[in-house]
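When the letters of the sequence shown are read in order and numbered with this note's numbering, they come out as residues 187 to 313.
Note that CB positions come from ideal geometry on N, CA and C, so glycine has one too.
Keep in mind the model is a prediction, meaning the values are calculated, not measured.
Working notes, structure below.
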Amino acid sequence: YQAVLDRRSTALFHHLGRHVADQIYDGRYFDPSTRTAVNAIWELAAPAHGTVKLGLYKGHAHFLSLTECPHSIYFEEDSSMEASSGLNPVSSQGYLEVSSVEAKAMAKAGLISDESVWSKRRRTGGK
């Protein structure tokens with residue numbers, strides 16, 4: 187999920203996962219908070235698909251590559267301040283420019299919608 191979630195979404199994803207695990211441990215799988223958390227996890231996980239190549243060494247699996255992930259927020263051209271055309275390390279707006287890289291990457295990957303959650307809920311009949 188690291189390829190398609192920004193750091194805030196990743197933190198929420200982990201928090202929701204821990205909540206669901208605690209709820210299951212306590213026998214509360216059918217509680218409203220569990221159902222809501224599971225739905226949120228599915229919403230966060232929706233863009234996460236692709237092909238992962240793993241390597242094996244002495245019984246351990248390690249990541250080698252990720253391909254065919256259309257919603258990846260990693261763009262090589264933005265991985266270095268020197269190479270990126272959108273960043274200027276000497277700019278007085280440097281912090282804002284650096285902060286905007288994440289949002290621009292998410293928009294480029296098709297992960298940001300300008301539709302409000304309320305209008306989407308009305309459109310889908312509350313589902």
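Endpoints, alpha helix (DSSP H) assigned at residue i
| i | result |
| --- | --- |
| H205 | R193 to Y211 |
| V224 | P218 to A231 |
Short Cβ contact (7 Å threshold) for residue i with residue j
| i | j | result |
| --- | --- | --- |
| A189 | S258 | yes |
| G241 | L250 | yes |
| T220 | R214 | yes |
Cross-strand partners of residue i (DSSP beta bridge)
| i | result |
| --- | --- |
| S251 | K239 |
| H246 | Y243 |
Residue i, DSSP secondary structure in three states
| i | result |
| --- | --- |
| R308 | helix |
| V190 | coil |
| S285 | helix |
Cβ separation of residue i and residue j, assumed to be a contact under 8 Å, to the nearest whole Å
| i | j | result |
| --- | --- | --- |
| I227 | G203 | 7 Å |
| A232 | Y187 | In fact, because the Cβ distance is near 11 Å, the residues do not count as touching under 8 Å. |
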